[in-house]
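S.K.: If you scroll down you'll find the structure; I have some questions about it.
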Amino acid sequence: MSGGAAGREAGLRDCLRANLHRRKQQARARAATAALTGDAPETSSRGDAG
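Here the sequence shown stands for residues 471 to 520, numbered as in my numbering.
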């Protein structure tokens, strides 16, 4: 494998990792916002059950 291809693959991996990290952060932020506003799924389901 040529050095260029290896570098491109490494760059692509870094990009994917950064994308995944950003998605996780967004999901966490959404969950935190939902918890603050009372829209968290776990609280609403608990309220329905109780």
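Heads up, the beta-carbon is just placed ideally off N, CA and C, and yes, glycines get one too.
On a predicted model such as this, the values are computed, not experimentally measured, just so you know.
Measuring only the C-alpha atoms, how far is GLN496 from GLY474?
M.R.: Going from the Cα of GLN496 to the Cα of GLY474 covers about 33 Å.
S.K.: Measure the C-alpha to C-alpha separation of HIS482 and LEU490 and round it to an integer number of angstroms.
M.R.: The question names His, yet the displayed sequence has Leu at residue 482. Going from the Cα of LEU482 to the Cα of LEU490 covers about 12 Å.
S.K.: In this structure, does DSSP put GLY508 in helix, strand or coil?
M.R.: Three-state DSSP puts GLY508 in coil, outside helix and strand.
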